[in-house]
Amino acid sequence: MNLTATRHHLKLSDGNFIPIIGLGTYSNPKQTQRGTCTRAVKLAIDAGYRHIDGALIYLNEEEVGQAIQDKIREGVVKREDIFYCGKLWNTYHPPELVRYALEKTLKNLQMDCIDLYIIEMPMAFKPGDAFYPKNENGQFIYHKTDLCATWEALEACKDAGLVRSLGVSNFNRRQLELILNKPGLKHKPVVNQVECHPYFTQPKLLEFCRSHGIVLVGYSPLGTCRDESWVNVSSPPLLEDPLLLSLGRKYGKTVAQVVLRFNVQRGVVVIPKSSNEARIKENFQVGHRPPAPLPHLREVPSLSRSSPPPRRVPLSGPSSSTLFFASGLWPLIPAHWPATPGPVGEGPVEAPRCLDHSDIRAVAPCHPAPTPTGSGLIAIGPRWGGPARGFPCSRSPLSRPF
Numbered sequence: 001m002n003l004t005a006t007r008h009h010l011k012l013s014d015g016n017f018i019p020i021i022g023l024g025t026y027s028n029p030k031q032t033q034r035g036t037c038t039r040a041v042k043l044a045i046d047a048g049y050r051h052i053d054g055a056l057i058y059l060n061e062e063e064v065g066q067a068i069q070d071k072i073r074e075g076v077v078k079r080e081d082i083f084y085c086g087k088l089w090n091t092y093h094p095p096e097l098v099r100y101a102l103e104k105t106l107k108n109l110q111m112d113c114i115d116l117y118i119i120e121m122p123m124a125f126k127p128g129d130a131f132y133p134k135n136e137n138g139q140f141i142y143h144k145t146d147l148c149a150t151w152e153a154l155e156a157c158k159d160a161g162l163v164r165s166l167g168v169s170n171f172n173r174r175q176l177e178l179i180l181n182k183p184g185l186k187h188k189p190v191v192n193q194v195e196c197h198p199y200f201t202q203p204k205l206l207e208f209c210r211s212h213g214i215v216l217v218g219y220s221p222l223g224t225c226r227d228e229s230w231v232n233v234s235s236p237p238l239l240e241d242p243l244l245l246s247l248g249r250k251y252g253k254t255v256a257q258v259v260l261r262f263n264v265q266r267g268v269v270v271i272p273k274s275s276n277e278a279r280i281k282e283n284f285q286v287g288h289r290p291p292a293p294l295p296h297l298r299e300v301p302s303l304s305r306s307s308p309p310p311r312r313v314p315l316s317g318p319s320s321s322t323l324f325f326a327s328g329l330w331p332l333i334p335a336h337w338p339a340t341p342g343p344v345g346e347g348p349v350e351a352p353r354c355l356d357h358s359d360i361r362a363v364a365p366c367h368p369a370p371t372p373t374g375s376g377l378i379a380i381g382p383r384w385g386g387p388a389r390g391f392p393c394s395r396s397p398l399s400r401p402f
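Heads up, the sequence shown is in full-length UniProt numbering, so the first residue is 1 and it goes up one at a time.
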């Protein structure tokens, strides 16, 4: 399958279509020269991309919008050719702020409507000017907001014609069920955007999403950052994995093309990010590859390859059913392991591993509130490897085994 601007779409459950390969636009504003994003988006559109993934929190939506508008004025594309995905940030979860946040994105993009708007994380921060509000101790300040109420506000935005499709990001099965089973649901989520690549294949979550007509969108499809608190730096980066290198040589493709093709053939939308012209073009042309290597790709250890070893850390709390972990690193997904009989007490506890977001236990939809004991927790991410951050234990209506 050779991708073109008109031949790389998946149909969503609401009848709209999403291009299966998009351009991710996240970049660190402190390390990225202004104008870099504008140039990358223009290069991508010229190369055939029609799916652009962005977010208010990326602080570059104005650049993205300028690039799209320039290409429309040049006659390269029409507005209806472009599929833009925006994201609702954690500080805008209260229902009264949802439309306000979406309208900020629309203004930045110079658009009247966007194609997809998703809840970026299943957790809320305290509303305000700070995107990452913290207290005097440097801890994140969370906010109690019912995810279902947030979703209803998104449905109202869709009904008002401000967005065509709705979705979520970093949601596990339990959180998806919370929305899917919401009384009076008008518009179901059509996508779930999560980290997904051969080291983190998300098999259970992909199966669940397929069964409910939800398309999985994989961010970081070429592998995640190499921070030692996030991955096992003694293991090779995804693009240097010996098996993937051998497959690339066998089929005359780059490792990036092999990795992207792995997800594309599974029906997973990929949004690789790059500002390099050659790589932008390379990522889009994943080309044709016989299905034979796929069983071998599935044998790539999903987490054992990329995760740090589980760390033994002292924990205390009333019971393991109320212990939550919240990552101090992106993407800040609070989670807990299944309940076990009896109190945890104090002492070393080894965090379990998981294969995908569906194995990460219930995340608080109403967001953390300290337990009476105020017991401390460590901070860990989806790979169960983050450093201690001292987040409080918390209770939730979903404090039960997955």
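Glycine is no exception: its CB is placed at the ideal position from the N, C-alpha and C atoms. None of these values were measured; they are calculated from a predicted model.
- Per DSSP, the unbroken beta strand (DSSP E) holding N192 starts and ends at V191 to E195.
- Here the C-alpha atom of G15 lies approximately 16 Å from the C-alpha atom of H8.
- Taking 8 Å as the cut-off, the beta carbon of S274 is found closer than this to the beta carbon of A40.
- Under the three-state reduction of DSSP output, P272 falls in the coil class, being neither helix nor strand.
- Taking a cut-off of 8 Å for Cβ pairs, the region 102 to 109 and the region 175 to 184 do not touch, as fewer than three such pairs fall below it.
- Between Q257 and E282, the C-beta gap is smaller than 8 Å, which places the two residues in contact.
- Cα atoms of A153 and L109: separation of roughly 21 Å, rounded to the nearest angstrom.
- In the three-state scheme derived from DSSP, where H, G and I count as helix and E and B as strand, G161 is classed as coil.
- Shown here, C225 sits in coil according to DSSP, grouped into three states, outside any helix or strand.
- Using a Cβ distance threshold of 8 Å, L23 and D53 count as a contacting pair.
- Secondary structure of D115 (DSSP, three-state): strand.
- Two segments are said to touch when three or more pairs of C-beta atoms, one from each, lie closer than 8 Å; by this definition the region 120 to 127 touches the region 135 to 147.
- A direct Cα-to-Cα measurement between E155 and V163 gives close to 9 Å.
- At the C-beta level, V194 and L205 come within 8 Å of one another.
- Taking the C-beta atoms as reference points, G65 is found no nearer than 8 Å to I118.
- Straight-line measurement puts the Cα of V233 at about 32 Å from the Cα of G86.
- Where P94 is concerned, there is no enclosing alpha helix (DSSP H), because DSSP gives it neither an H nor an E.
- Pairing H197 with L238 gives a Cβ-Cβ distance under 8 Å.
- Apart from sequence neighbours up to five positions away, the residues of its chain that approach K186 with a beta-carbon distance below 6 Å are E155, ordered along the chain.
- Annotation for L245: V255 place their beta carbon closer than 7 Å to its own, counting only its chain and skipping 5 residues before and after.
- It is roughly 21 Å from the alpha-carbon of R226 to the alpha-carbon of N263.
- In the DSSP assignment, K87 falls within the unbroken beta strand (DSSP E) covering F83 to L88.
- Across the set G223, G161, T224 and C148, the C-alpha of C148 shows the shortest separation from the C-alpha of P189.
- If the five residues before and after Y84 are omitted, its C-beta is found closer than 6 Å to the C-beta atoms of I52, I114 and D115, all from its own chain and listed in chain order.
- The continuous stretches of alpha helix (DSSP H) do not include D129, and DSSP gives it neither H nor E.
- Collapsing the DSSP output to three states places F140 in a strand.
- For Y26, the three-state secondary structure derived from DSSP is coil.
- Taking every protein chain shown into account, the CB of S211 has fewer than 16 other CB atoms within 10 angstroms, so this residue is exposed.
- An exposed status is given to A130, since fewer than 16 other beta-carbon atoms sit within 10 Å of its beta-carbon.
- The shortest CA-to-CA distance from P133 to any of K107, N90 and P95 is the one to N90.
- Distance between E240 and V231, taken at the CA atoms: about 14 Å.
- Judged by DSSP secondary structure, Y251 falls within the alpha helix (DSSP H) whose first and last residues are P242 to Y251.
- Taking C-beta separations shorter than 7 Å and ignoring five residues to either side along the sequence, the partners of P94 in its chain run P127 and T145, following chain order.
- In this structure, V270 is the residue among Y26, V259, V270 and S165 with its C-alpha nearest to the C-alpha of V217.
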